[in-house]
Amino acid sequence: MKQIIIALVCLLSSYAIANPEWVNGEIVRIDPSRDRIVLKHEYIASIRMHAMTMPFGTSKDLNLDAYRPGDKVRFQIKVVDGTLDIAAIEKLK
Ligand SMILES: [Cu+2]
7 MKQIIIALVC LLSSYAIANP EWVNGEIVRI DPSRDRIVLK HEYIASIRMH
57 AMTMPFGTSK DLNLDAYRPG DKVRFQIKVV DGTLDIAAIE KLK
């Protein structure tokens, strides 16, 4: 079972690397103390995830100072240790 999960995560991360996909969403909450951001996102085709509101991890080099809840954004994801992190984000005009 563990191997299946690892294989799945590897598959997901190779998808994300091979085909960086921009996903539209809206910021719901930013939680810098826990390196987390909650986004209401549209369907993510690369991992076949339906639209939902969920938390994503954020890395230190992602500067979110200019972002506020309610901002419309587009973002790219990456799989880190089995969790979804934001690889890139930018505001939609
Ligand atoms: Cu989701």
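Everything in the sequence shown is counted per this note's numbering, starting at 7 for the first residue and increasing by one. All C-beta atoms in this analysis are idealised placements derived from N, C-alpha and C, irrespective of residue type, glycine included.
Rounded separation between residue i and residue j - CA only
i	j	result
Glu27	Arg35	22 Å
Arg40	Lys66	11 Å
Gln9	Arg42	27 Å
Leu90	Ile33	16 Å
Val29	Met55	11 Å
Met58	Ile95	18 Å
Within 8 Å, strictly: CB atoms of residue i and residue j
i	j	result
Val4	Gly63	With the chain running from 7 to 99 in the structure shown, residue 4 is simply not present.
Buried versus exposed call for residue i [16 or more other C-beta atoms within 10 Å across all chains shown]
i	result
Gly31	buried
Asp71	exposed
Val86	exposed
Whole-number beta carbon distance between residue j and residue i, since they are thought to touch under 8 Å
i	j	result
Pro61	Val44	5 Å
Leu68	Ile92	6 Å
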